[in-house]
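Quick note on UniProt numbering: the sequence shown kicks off at 1 and runs consecutively.
Structure first, then comments.
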Amino acid sequence: MSYKDTYARWKSDPEAFWLEAARAIDWDRAPSRALDDTRAPFYSWFADGRVNACYNAVDRHVAAGRGDQVAIIHDSPVTNSVTRLTFAELQDRTARLAGALSAKGVGLGDRVVIYMPMVPEALVAMLACARIGAVHSVVFGGFAAKELAVRIDDATPKAIIAASCGIEPSQVVHYKPLLDGAIEIAAHKPEFCVILQREQERAELTPGRDHDWEAFALSAAPADCVPVPGDHPAYILYTSGTTGAPKGVVRPTAGHLVALNWTMKHIYDVAPGEVFWAASDVGWVVGHSYICYAPLIHGNTTVVFEGKPVGTPDAGTFWRVIEDHGVSVLFTAPTAFRAIKRDDPEAALLAGYDISSLRALFLAGERADPDTIHWAEDKLGVPVIDHWWQTETGYTIAGNPTGIEMLPIKHGSATVPMPGYDIRVLDEGGHEVAPGALGAIAIRLPLPPGTLSTLWNADARYEASYLTTFPGYYETGDAGLIDEDGYVHIMARTDDVINVAGHRLSTGGMEEVLAGHPDVAECAVIGVADALKGQLPLGLVCLKKGAARAHDEIAAECIAKVRAELGPVAAFRLCAVVDRLPKTRSGKILRGTMVKLADGLEVATPATIDDPTILDDIRAALAILGYPKSPT
């Protein structure tokens with residue numbers, strides 16, 4: 001069946017489409033219907049079914065005779081170690097931790113905060129919560145105490161599971177003092193904590209509150225899987241960049257299982273038993289969906305990578321992991337490949353590795369510029385597929401359904417809408433724009449299974465954040481266009497569409513041109529305030545290693561290139577070379593923060609920033625360009 005046939009089949013009968021997909025999941029009680037719209041716009045999927053996420057991710061594979069298959073490969077260049085867990089071993093560890101939590105009173109609906117680095121125990125903790133119907137909330141390991149405290153107060157966990165430390169290429173990150181500080185700050189106090197003691201640093205435990213993971217779980221009686229209603233929350237995930245009141249995305253269990261399982265075959269085209277590697281972190285949505293849940297639900301081996309694309313030890317580490325573990329499909333963020341390209345522009349290190357197992361590279365998390373895609377295609381010799389989704393959706397909104405039909409790739413496009421998503425491009429009045437015209441991207445309600453059902457304890461905020469701008473639609477916050485062939489192009493966040501003398505311009509389009517300069521490794525374009533034209537575009541570019549020419553000369557070439565390709569209407573006259581761009585730990589460029597710096601507004605250091613010192617470098621570059629402007 002072709003993509004068009006599949007999409008049309010969903011559109012003509014969504015109920016039948018999703019009930020058929022649900023048959024691939026093991027149910028304690030199968031749902032009688034797919035969609036429950038009685039509380040619209042708070043939709044629920046498979047609500048009358050009974051199911052357990054841990055059973056589907058672990059136990060059913062053991063029951064099917066595949067207990068000896070490797071479920072998790074932990075590859076840690078920062079500790080120079082590789083470990084493997086089979087499905088049978090994962091079942092035992094998960095059941096024992098779940099039993100220990102249950103014995104301490106954690107049960108159905110209780111929250112558990114998980115504060116862990118990239119170790120197998122992070123997945124064990126998530127699955128153990130799912131096993132007994134507890135709701136986990138993973139907070140990125142190493143988050144500041146204040147930010148962790150905000151999430152503790154919002155989720156009100158009965159327990160916190162943490163590690164003694166995390167390992168970065170240049171340092172050991174002390175988690176336990178951050179955890180202690182967060183609990184001290186927080187109004188809500190957990191009843192107990194479980195601490196994974198890593199050999200790189202053993203933490204001092206707080207008597208009466210803290211338990212050593214090994215002693216806590218080792219002697220516990222294994223817990224059975226607890227069936228939960230289909231719309232029971234699997235987890236809460238706080239969106240990156242949250243300021244003020246946290247924004248906790250709620251992921252319902254059954255839709256999560258059904259949708260993720262469907263994507264593994266139909267979007268990523270992997271078969272059970274193959275090795276799937278999502279090079280992300282469990283603190284982010286990709287880590288939830290495609291490190292932990294989707295591969296294990298589908299019966300794949302998942303790679304948990306504790307390292308960086310460069311510096312652990314070099315820009316060849318991705319190729320080494322692919323060779324060592326026979327990775328079939330790699331999924332990562334474009335920023336990872338820009339970092340590799342910057343350190344090793346000719347991919348000379350690739351020559352030392354056999355990556356013949358790799359069939360495809362998928363990119364998501366931010367817009368994949370065509371230059372990076374071209375580079376990866378040329379060096380890897382496999383399809384490089386951009387696809388678009390969000391923390392809120394949990395999986396692909398628009399992509400290339402390689403397991404149904406590999407559609408022609410258009411560089412700069414996320415390809416086409418996936419079943420479940422009716423995507424429209426709207427103007428400010430909520431009217432559809434013509435093909436090829438830039439606008440706000442929205443999705444007709446209801447959203448499909450596996451997407452957020454609401455925000456934790458914040459139904460009104462959910463409606464205000466996503467459902468009020470365009471009644472009847474989910475507002476994605478992204479801007480872009482749908483071309484004459486139905487391909488979706490995500491150009492920028494809505495806030496990144498700038499208005500230059502009445503012309504609505506995409507900063508993503510300008511970044512695409514800058515990325516094509518032979519010396520540019522990565523770049524960002526922001527809109528800065530201008531008294532005459534409203535806004536002006538300002539570009540910041542990072543250079544590839546070995547680009548030794550004068551920075552002023554390269555900046556001038558970048559300006560000329562944008563003006564030549566986009567015309568004078570772009571009004572692109574501001575460009576500077578910088579060593580690095582400020583990013584979240586998931587690799588997203590903090591454009592909004594740079595806009596505030598350029599406009600002279602007060603800037604609070606974002607909780608998710610990878611390295612706060614980069615902001616000083618950006619301030620210096622902006623000052624050279626005359627920003628922020630002095631008051632007149």
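Think of the CB as a built atom: it goes at the ideal place given N, C-alpha and C, for glycine as much as any other residue.
Residues bridged to residue i (per DSSP)
| i | result |
| --- | --- |
| Val-112 | His-136 and Ala-159 |
| His-298 | Beta-bridge pairing links His-298 to no other residue. |
| Tyr-487 | In DSSP, Tyr-487 forms no bridge with anything. |
| Pro-171 | With the sequence shown as reference, residue 171 is identified as Gln, and Pro is not the correct amino acid for it. Bridge partners of Gln-171: Glu-168. |
| Phe-276 | Thr-302 and Val-329 |
| Glu-201 | Arg-198 |
| Val-384 | Leu-361 |
| Tyr-421 | Bridge partners of Tyr-421: none, in fact. |
| Tyr-238 | Gly-248 |
| Gly-230 | In the DSSP output, where bridge partners are listed per residue, Gly-230 has none listed. |
| Glu-432 | Leu-426 |
| Ser-86 | Residue identity differs from the one stated: residue 86 is Thr in this sequence, not Ser. Bridge partners of Thr-86: Val-70. |
| Val-270 | Answer is none; Val-270 lacks a bridge partner. |
| Glu-553 | Per DSSP, none; premise fails for Glu-553. |
Selected residue, minimal CA-CA separation from residue i, among the options
| i | options | result |
| --- | --- | --- |
| Cys-129 | Leu-108, Met-116 and Ala-145 | Leu-108 |
| Ile-322 | Phe-276, His-503 and Leu-296 | Phe-276 |
| Phe-46 | Trp-18, Val-282, Trp-319 and Asp-110 | Trp-18 |
| Lys-189 | Asp-153, Pro-222 and Ala-162 | Asp-153 |
| Lys-176 | Glu-191, Pro-169, Glu-201 and Thr-239 | Glu-201 |
| Pro-41 | Met-491, Ala-103 and Arg-461 | Arg-461 |
| Trp-284 | Thr-507, Asn-457 and Arg-585 | Arg-585 |
| Pro-262 | Asp-599, Ile-498, Leu-514 and Pro-401 | Position check: residue 262 holds Trp in this sequence, whereas Pro was assumed. For the residues Asp-599, Ile-498, Leu-514 and Pro-401, the minimum Cα distance to Trp-262 belongs to Pro-401. |
| Lys-4 | Lys-533, Pro-370, Phe-192 and Thr-415 | Thr-415 |
| Asp-459 | Val-250, Asp-231 and Ala-95 | Val-250 |
| Gly-142 | Asp-281, Cys-193 and Val-106 | Asp-281 |
| Asn-499 | Glu-553, Ala-571 and Val-433 | Ala-571 |
| Leu-590 | Glu-366, Val-569 and Val-329 | Glu-366 |
| Gly-472 | Lys-247, Phe-362 and Arg-424 | Arg-424 |
| Glu-191 | Val-270, Val-106 and Ala-162 | Val-106 |
| Tyr-395 | Gly-430, Tyr-268 and Leu-148 | Tyr-268 |
| Asp-530 | Met-116, Gln-171, Gly-477 and Gly-600 | Gly-600 |
Close-in-space but distant-in-sequence residues of the same chain around residue i (CB under 8 Å, 5 per side omitted)
| i | result |
| --- | --- |
| Asp-617 | Val-578, Asp-579 and Arg-580 |
| Gly-626 | none |
| Met-1 | Arg-9 and Ile-404 |
7 Å CB neighbourhood of residue i in its chain, flanking five on each side removed
| i | result |
| --- | --- |
| Ala-100 | Phe-216, Ala-217 and Ala-220 |
| Ala-145 | Leu-178, Gly-181, Ala-182 and Ile-185 |
| Arg-573 | Ile-559 |
| Trp-319 | Leu-349, Leu-350, Tyr-353 and Ile-355 |
| Ile-297 | Asn-56, Ala-57, Leu-257, Leu-260 and Asn-261 |
| residue 633 | Since the first and last residues shown for the chain are 1 and 632, residue 633 lies out of range. |
| Asp-314 | Leu-349 |
| Gly-49 | Trp-27, Arg-29, Ala-30, Pro-31, Gly-230 and Ala-254 |
| residue 638 | Nothing can be reported for residue 638, as the shown portion of the chain is limited to 1 through 632. |
| Gly-436 | Leu-481, Asp-483 and Glu-484 |
| Gly-326 | Val-275 and Ser-357 |
For residue i, the three-state DSSP class (helix, strand or coil)
| i | result |
| --- | --- |
| Lys-583 | strand |
| Thr-330 | Inspection of the sequence shows that residue 330 is occupied by Leu rather than by Thr. Reduced to three states, the DSSP call for Leu-330 is strand. |
| Arg-251 | strand |
| Leu-148 | helix |
| Gly-399 | strand |
| Asp-530 | strand |
| Ser-219 | coil |
| Tyr-3 | helix |
| Cys-54 | helix |
| Gln-91 | helix |
| Glu-184 | helix |
| Cys-292 | helix |
| Val-78 | coil |
Neighbourhood of residue i by C-beta, 6 Å cutoff - its chain only, sequence neighbours within 5 removed
| i | result |
| --- | --- |
| Cys-575 | Gly-539, Ala-555, Cys-558 and Ile-559 |
| Pro-252 | Asp-231 and Ser-453 |
| Glu-377 | Val-384 |
| Gly-133 | Leu-108, Val-226 and Val-228 |
| Thr-243 | Bear in mind that the predicted position of Thr-243 carries a pLDDT of just 44, short of 50, making it unreliable; the figure below should be weighed with that in mind. There are no such residues. |
| Gly-534 | Asn-499 |
Do the region 76–94 and the region 205–213 make contact, defined as three or more Cβ pairs closer than 8 Å?
The region 76–94 is not in contact with the region 205–213.
Is it true that the region 118–129 meets the region 283–297, where meeting means three or more beta-carbon pairs spaced less than 8 Å apart?
Touching, yes.
Evaluate contact between the region 248–263 and the region 447–466, counting only Cβ atoms and requiring at least three cross-stretch pairs below 8 Å.
Three or more Cβ pairs drawn from the region 248–263 and the region 447–466 lie within less than 8 Å of each other, which places the two stretches in contact.
The region 543–553 in contact with the region 507–525 per 3-pair CB rule at 8 Å
The region 543–553 and the region 507–525 touch, with no fewer than 3 CB-CB distances between them shorter than 8 Å.
Three or more C-beta pairs closer than 8 Å, one from the region 53–73 and one from the region 475–484: is that the case here?
No: the two stretches stay apart, fewer than three of their Cβ pairs being nearer than 8 Å.
Pair every Cβ in the region 524–536 with every Cβ in the region 505–516, then say whether three or more of these pairs are closer than 8 Å.
With the cut-off at 8 Å, the region 524–536 and the region 505–516 touch.
When you compare the region 409–429 with the region 376–396, are there three or more beta-carbon pairs, one atom per stretch, that lie closer than 8 Å?
Yes: the two stretches touch, three or more of their Cβ pairs being nearer than 8 Å.
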